[in-house]
Every structure is written in C-alpha cells, then in structure tokens.
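**Student:** Residues 84 to 277 in my numbering are what the sequence shown spells out, letter by letter.
Don't be surprised by glycine CBs; every beta carbon is placed ideally from N, CA and C.
Quick one: this structure, given as structure tokens, is what I'll be asking you about.
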Amino acid sequence: MEFERDVILSDNKCSCFTEAIDKKGGVMKTRYLVVFSLVVFAVCGFGHVALAQNEATESSTVSAYATSKLLPLGPNRAYATWESFGVVLSDTGAGLMHGSTVHCMGWYLVDKGAMASEGSCSYTLKDGEKVFKTLKQGGKIGAPTIQGTGRLIGGTGKYSGIQGGTDYTTYFLRPAAEGITQYYTKTKFTYKLP
Numbered sequence: 084m085e086f087e088r089d090v091i092l093s094d095n096k097c098s099c100f101t102e103a104i105d106k107k108g109g110v111m112k113t114r115y116l117v118v119f120s121l122v123v124f125a126v127c128g129f130g131h132v133a134l135a136q137n138e139a140t141e142s143s144t145v146s147a148y149a150t151s152k153l154l155p156l157g158p159n160r161a162y163a164t165w166e167s168f169g170v171v172l173s174d175t176g177a178g179l180m181h182g183s184t185v186h187c188m189g190w191y192l193v194d195k196g197a198m199a200s201e202g203s204c205s206y207t208l209k210d211g212e213k214v215f216k217t218l219k220q221g222g223k224i225g226a227p228t229i230q231g232t233g234r235l236i237g238g239t240g241k242y243s244g245i246q247g248g249t250d251y252t253t254y255f256l257r258p259a260a261e262g263i264t265q266y267y268t269k270t271k272f273t274y275k276l277p
C-alpha cells in the first residue's frame, strides 16, 4: 500500500492531512485508517499540547488599597502620584498568580473630569520570585469603574523571560479609613513562560 501524508506546522498549530490509497486506487480498510489516524494525532495533536504547556490564561481578583499625593493644576486639572498594595486570588484557586502579593506605583492626570494613569507593578509569587508589569488605565473621575491594560515585562529567576499581558476592570469601594482608596480588580492574565 502507498501512503500520502502532508503535515503542516505553523504558529504552534499542527494540521495533518492524510490520504491512504491501496495499489488499486481504493480507500484502505477502516481499521488501518483508524490506526493511522491515531498515529497522526499522536504526532501532531500531542505536539500541539506540548507547545501550549507554557502558555496560560488566568482570571483573578485583586483586592487592594492605594494612597495618593495630589498636586492641583487649576480648577479642572490635577496631577497625582499613587501607590497601591494588594493580593491576587485566582478564580480557580490555583495558578501562577494565585496567592501572590502586588505592589504598584504610578501617576494619574485629571483633566476636566477625565482621568488617565500609567504605572508599574511588582508581583511577589508564592515561591518568592517576582513578575513585573506596566499598566495604562483611564476613565471618568467619580465613576464606579475604570478599565485598564497591562504588559508583563519580565521577572526574576525562572520567570525572567515571561511575556504576556492583562486586561482588567477596577471597581471602587467605600474606603474603611480616610486618606486611602480601596478597590478590587477583575483581571485576566495571559502569559507565556520561558
């Protein structure tokens, strides 16, 4: 029997096209085709799974508080620096970021009720290693939520080459004490480990 097989690998995807033909030009018996298909799946399918093992998506809730220092720039403008501290809890109770703590610093500019902010964060993971992120966020002053995105820019130890990003929504709460902001953030981490 003659076999014709093309295997295409691109972008971490494996597409396998098979056609099995006997010498008379007919289709092989079903059992041979099933066995052959299983072999092709083992080569292509499991290879894709192995490539995907270092990629992950993790949905989490970050509970945090922040302090800020405000510099008024006239009646409708202000500049502020901020610093926040929090804890990350994965929605599944497991994952790289689950149980980590986070420390962020940044700035925001308020102009006629609109707020834009940038900052950087350091996550301390359960094993003591760190993951670093930059962020951008914005919204309206006094709104109950703001939207933001982040980019994972590296880490320490085995996470030094981590790549990925975050999308998040921050929900503001009534603070328990004066002079602080309290909030929680629903965050989706997407990352690839080195």
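Could you please give the first and the last residue of the uninterrupted beta strand (DSSP E) stretch that includes Y242?
**Tutor:** For the purposes of this step, residue 242 is taken as the residue at position 159 of the sequence shown. Neither: Y242 is in no beta strand (DSSP E) and is coded neither H nor E.
**Student:** For K223, which residues does DSSP report across the bridge?
**Tutor:** Locating residue 223 in the sequence shown gives position 140, where the first residue counts as 1. In the DSSP output, where bridge partners are listed per residue, K223 has A197.
**Student:** Whose C-alpha, out of N137, Y274, A149, is nearest the C-alpha of P258?
**Tutor:** Counting from 1 along the sequence shown, the entry for residue 258 is found at position 175. Here the closest residue by C-alpha is A149.
**Student:** Which one of V193, T140, S183 has the shortest CA to CA distance from L153?
**Tutor:** For the purposes of this step, residue 153 is taken as residue 70 along the sequence shown, with counting starting at 1. Minimum Cα distance to L153 is reached at V193.
**Student:** Under three-state DSSP, which class holds R257?
**Tutor:** In the sequence shown, counting from the first residue as 1, residue 257 sits at position 174. Looking at R257 - three-state DSSP - the assignment turns out to be coil, as it is neither helix nor strand.
**Student:** Helix or strand or just coil, what does DSSP make of E212?
**Tutor:** The count along the sequence shown starts at 1 and reaches residue 212 at position 129. Of the three classes helix, strand and coil, the one that applies to E212 here is coil, per DSSP.
**Student:** Using the rule of at least 16 other Cβ atoms within 10 Å of the residue's Cβ for burial, across every protein chain shown, is T175 buried or exposed?
**Tutor:** On the sequence shown, position 92 is the one that residue 175 refers to. The residue is exposed, with fewer than 16 neighbouring Cβ atoms inside 10 Å.
**Student:** Is T252 closer than 8 Å to T228 when the C-beta atoms are compared?
**Tutor:** Taking the sequence shown and counting its residues from 1, one reaches residue 228 at position 145. Taking the sequence shown and counting its residues from 1, one reaches residue 252 at position 169. Contact flag set, yes.
**Student:** Taking the alpha carbon of T232 as the reference point, which residue from S243, A199, A260, K223 has its own alpha carbon closest?
**Tutor:** Sequence index remark: in the sequence shown, residue 232 carries index 149 (1-based). Checking every option, the nearest Cα to that of T232 belongs to A199.
**Student:** Might you give, ordered along the chain, the residues of its own chain that have their beta carbon closer than 7 Å to the beta carbon of S146, omitting 5 neighbours on each side?
**Tutor:** Residue numbering aside, residue 146 sits at position 63 when the sequence shown is read from its first letter. Taken in chain order, the residues that qualify are G169, V170, Y267.
**Student:** For L179, which beta-bridge partners are listed by DSSP?
**Tutor:** As a first step, residue 179 must be located in the sequence shown, where it is residue number 96. None, per the DSSP bridge assignment.
**Student:** Determine, using beta carbons only, whether S183 and T270 come nearer to each other than 8 Å.
**Tutor:** By 1-based counting over the sequence shown, the position of residue 183 is 100. By 1-based counting over the sequence shown, the position of residue 270 is 187. It is not a contact, given that the beta carbons lie outside the stated cut-off.
**Student:** Ignore the nearest five residues each way along the sequence and tell me which others in V122's own chain have a CB closer than 8 Å to its CB.
**Tutor:** Residue 122 sits at position 39 when you count from the first residue of the sequence shown. Low confidence applies here, because V122 scores a pLDDT of 35, under 50, leaving its location unreliable; read the following figure in that light. Excluding positions up to five away in sequence, the list is empty.
**Student:** So, at 8 Å on beta carbons, what are the nonlocal neighbours of R160 in its own chain, with the 5 sequence-adjacent residues on each side left out?
**Tutor:** Taking the first residue of the sequence shown as 1, we reach residue 160 at position 77. The answer, listed in chain order, is L192, V193, D194, K195.
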